[in-house]
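K.L.:
What follows is a structure written as structure tokens; I'll ask about it next.
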Amino acid sequence: MKRKLKALGMGLLLAATVIGLAACGDKNQKSGAEKTDFSGDTLKIGVWGGNESEEQSLSKLISQFEKDTGAKIEKKVYTEYNTQIQADLIGKTAPDAFYVDASMYPFFSENGALMELDKEKMASDKFYDKLVDIFSTDDKLYAIPKDLSTLALYFNTDVFEKTGVSIDDVPTSFEELVSWLPDFQHKIDEAYGKGKVFAMSYNPEMARNLHLAQRGDVSIETKDGLADLANAKIVDNLSILKDLVDTKAFVTPQDIGMGWNGEAFGAGKLAIMDEGNWVYQTLKDEYQKINFTVGEMPTYKEDKGSMMFSVGWGKYAGTKNSDLADKWIQYVTGTDGMALWVEGTGTLPSRQDVAEATKITDNADLNVHLEAWEYATPWQKGVSLTTIDTAYKNFVPKALDGSLSFKEAMTKADEQANTDIEASN
């Protein structure tokens, strides 16, 4: 099946040739001498809005780059990134360099929106190789990762102390948690009162569950780009979630009246949560009374697993400022630029030398997240990932509350996703 360009998350049909036309910009620039004097030049960069620490860190990067090069950075902040970046690509007004989320990379790659990056110039050998692979096609590099995040387990040490349970006694596999959680929940209820604190949280979305779904070399997407959630192996893999929910000790933040894991954990309502390293500084800054430690995600079917998220910097295929775009990407993903970024934002560096220079490897909690890059599943699939995820989130609750079997729920999810996918082709 030949797939055409479509809007991520919107299901809008677009002409596949539009972005291809944008790709004829500055591809031949490499044949000439590389430009080194950027005084008075302007580079347009595209980003989405971040939190205060991210905004401040980006501003510092921009200021230092402008000082070092004499160039000016023009920043465009997108509020609806997936839709707005496409509009700029179609109109051939896309920024010279812009954020490329790992989950969106297949879309940009398939539609020729990115210019190839020079591996040697970008020092790609300094980055964790799995991250380089995420942003590569046919062994060619099209974006370079600026940071990464992974999931790990957070343990509220005060809850464990009050219940008389040792964190060392927590099972290290999802299968063992099924039989262990009820007794732990009983001890929590005795210590705090029923319904006050819960043993463990989860999130019923594919961005958290993909590493479970794809155990045993199976994929949620067929070779033709269709959803395959009802695949017998995937249904079997995901059934562990139903087993855990049935313990009555495995809850979503929304089940207990909270917006997200960090809020629920910070309010002292969870003993264990699986969360990304982005929550670490939030807990330190906003929930200082909560004492915690971090450990690896549980194994499943005898293998380690987690999720990994990354955002890279890519260069617009139609840029007329290729050398300056390279200079910017080199700086923000180089040792000094990345150190400034990760120290200011709490994200993890995508290269080992920066992890050591910033002493993140000396932080036992954050190092758990960092080391997970080796076995974590990247949040990336084909261009239909958002569509499949939406259908999954619509129907997995019915499997978890028992109103449908897992097979029935995933069959309906496939039907919804594939209807939307076919409609956009």
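The sequence shown runs 20 to 444 under this note's numbering.
Using N, Cα and C, we set each Cβ at its ideal position, and we do this for glycine too.
My guess is that LYS145 and ASP372 are in contact by the Cβ rule of under 8 Å, so how many angstroms apart are they, rounded?
P.N.:
Along the sequence shown, one-based indexing puts residue 145 at 126. Along the sequence shown, one-based indexing puts residue 372 at 353. So it is a contact: roughly 6 Å between Cβ atoms.
K.L.:
Any contact of the stretch 366-381 with the stretch 77-86, i.e. 3+ C-beta pairs under 8 Å?
P.N.:
These segments do not touch.
K.L.:
Output the distance between the C-alpha atoms of LYS149 and THR176, rounded to the nearest integer angstrom.
P.N.:
Within the sequence shown, residue 149 is the residue found at index 130, counting from 1. Within the sequence shown, residue 176 is the residue found at index 157, counting from 1. Distance between the alpha carbons of LYS149 and THR176: 33 Å.
K.L.:
Could you give the first and the last residue of the continuous beta strand (DSSP E) run that contains GLY295?
P.N.:
As a first step, residue 295 must be located in the sequence shown, where it is residue number 276. GLY295 -> beta strand (DSSP E) spans 289-295.
K.L.:
DSSP has ASP322 in a bridge; who is on the other side?
P.N.:
Indexing the sequence shown from 1 puts residue 322 at position 303. TYR319.
K.L.:
Tell me which residues share the same chain as ALA210 and place their Cβ nearer than 7 Å to its Cβ, disregarding the 5 neighbours each side in the sequence.
P.N.:
Here residue 210 refers to the residue found at position 191 when the sequence shown is read from its first residue. Excluding sequence neighbours, ALA210 sits near LYS181, THR182.
K.L.:
How many angstroms separate the CA atom of LYS303 from the CA atom of PRO114?
P.N.:
The count along the sequence shown starts at 1 and reaches residue 303 at position 284. The count along the sequence shown starts at 1 and reaches residue 114 at position 95. Looking at the two C-alpha atoms, the distance is approximately 36 Å.
K.L.:
With DSSP as the reference, please indicate the residues paired to LYS159 in a beta bridge.
P.N.:
Taking the sequence shown and counting its residues from 1, one reaches residue 159 at position 140. Beta-bridge pairing links LYS159 to THR156.
K.L.:
Taking its Cβ as the centre, do 16 or more other Cβ atoms sit within 10 Å of ALA428, making it buried, or is it exposed?
P.N.:
On the sequence shown, position 409 is the one that residue 428 refers to. Its Cβ being crowded by 16 or more others within 10 Å, ALA428 is buried.
K.L.:
On the criterion of 16 or more Cβ atoms from any shown chain inside 10 Å, does ASP158 qualify as buried, or is it exposed?
P.N.:
Here residue 158 is taken as the residue at index 139 of the sequence shown, counted from 1. The residue is exposed, with fewer than 16 neighbouring Cβ atoms inside 10 Å.
K.L.:
Would you kindly work out how many angstroms separate the C-alpha atoms of ASN101 and LYS95, rounded to a whole number?
P.N.:
Taking the sequence shown and counting its residues from 1, one reaches residue 101 at position 82. Taking the sequence shown and counting its residues from 1, one reaches residue 95 at position 76. Taking the straight line joining both Cα atoms gives about 14 Å.
K.L.:
Assuming THR312 is part of the beta strand (DSSP E), what are its boundary residues?
P.N.:
Along the sequence shown, one-based indexing puts residue 312 at 293. Its beta strand (DSSP E) spans residues 311-314.
K.L.:
Going by DSSP, what residue range makes up the beta strand (DSSP E) through PHE117?
P.N.:
As a working note, residue 117 is residue 98 in the sequence shown. Taken as a continuous stretch (DSSP letters only), the beta strand (DSSP E) holding PHE117 covers 116-120.
K.L.:
Comparing C-alpha positions only, which one of TRP347, ARG234, MET292 sits nearest to ASP322?
P.N.:
To locate residue 322, count along the sequence shown from 1; it is residue 303. Ranking TRP347, ARG234, MET292 by Cα distance to ASP322 puts ARG234 first.
K.L.:
Taking the alpha-carbon positions, what's the PRO190 to ILE407 distance?
P.N.:
In the sequence shown, the residue the question calls residue 190 occupies position 171. In the sequence shown, the residue the question calls residue 407 occupies position 388. In a straight line, the C-alpha of PRO190 is about 31 Å away from that of ILE407.
K.L.:
If you follow the beta strand (DSSP E) that VAL96 is part of, which residue opens it and which one closes it?
P.N.:
The sequence position of residue 96 within the sequence shown is 77, counting from 1. Per DSSP, VAL96 belongs to the beta strand (DSSP E) from 91-97.
K.L.:
If you follow the beta strand (DSSP E) that ILE64 is part of, which residue opens it and which one closes it?
P.N.:
Translated into positions along the sequence shown, residue 64 becomes position 45. First-last of the beta strand (DSSP E) with ILE64: 61-67.
K.L.:
From the DSSP output, in three-state form, read off LEU24 for me.
P.N.:
The residue given as residue 24 occupies position 5 in the sequence shown. Low confidence applies here, because LEU24 scores a pLDDT of 34, under 50, leaving its location unreliable and the question unanswered by this model.
K.L.:
Run through the DSSP bridge pairs and tell me what ASP166 is partnered with.
P.N.:
Here the question's residue 166 lines up with position 147 in the sequence shown. In the DSSP output, where bridge partners are listed per residue, ASP166 has VAL330.
K.L.:
Roughly how many whole angstroms lie between the Cα atoms of LEU248 and THR430?
P.N.:
Along the sequence shown, one-based indexing puts residue 248 at 229. Along the sequence shown, one-based indexing puts residue 430 at 411. Going from the Cα of LEU248 to the Cα of THR430 covers about 7 Å.
K.L.:
Alpha carbon to alpha carbon, how far is LEU200 from LEU108?
P.N.:
On the sequence shown, position 181 is the one that residue 200 refers to. On the sequence shown, position 89 is the one that residue 108 refers to. Each residue's Cα considered, the two are about 50 Å apart.
K.L.:
Check this for me: beta carbons of LYS54 and LEU343, under 9 Å apart or not?
P.N.:
Here residue 54 refers to the residue found at position 35 when the sequence shown is read from its first residue. Here residue 343 refers to the residue found at position 324 when the sequence shown is read from its first residue. Against a cut-off of 9 Å, the Cβ pair of LEU343 and LYS54 comes out as a contact.
K.L.:
Can you say whether ALA41 is buried or exposed, counting buried as having 16 or more other CB atoms within 10 angstroms of its CB?
P.N.:
Translated into positions along the sequence shown, residue 41 becomes position 22. Only weak support is given to the placement of ALA41: the predicted model assigns it a pLDDT of 45, under 50, and the value that follows is read from those uncertain coordinates. ALA41 should be labelled buried.
K.L.:
Measure the alpha-carbon distance for GLY314 versus ALA395 and round it to whole angstroms.
P.N.:
Here residue 314 is taken as the residue at index 295 of the sequence shown, counted from 1. Here residue 395 is taken as the residue at index 376 of the sequence shown, counted from 1. Approximately 14 Å, taken between the alpha carbons.
K.L.:
With H, G and I counted as helix, E and B as strand and the rest as coil, what does DSSP make of VAL270?
P.N.:
Position 251 of the sequence shown, counted from the start, is the residue given in the question as residue 270. Three-state DSSP puts VAL270 in a strand.
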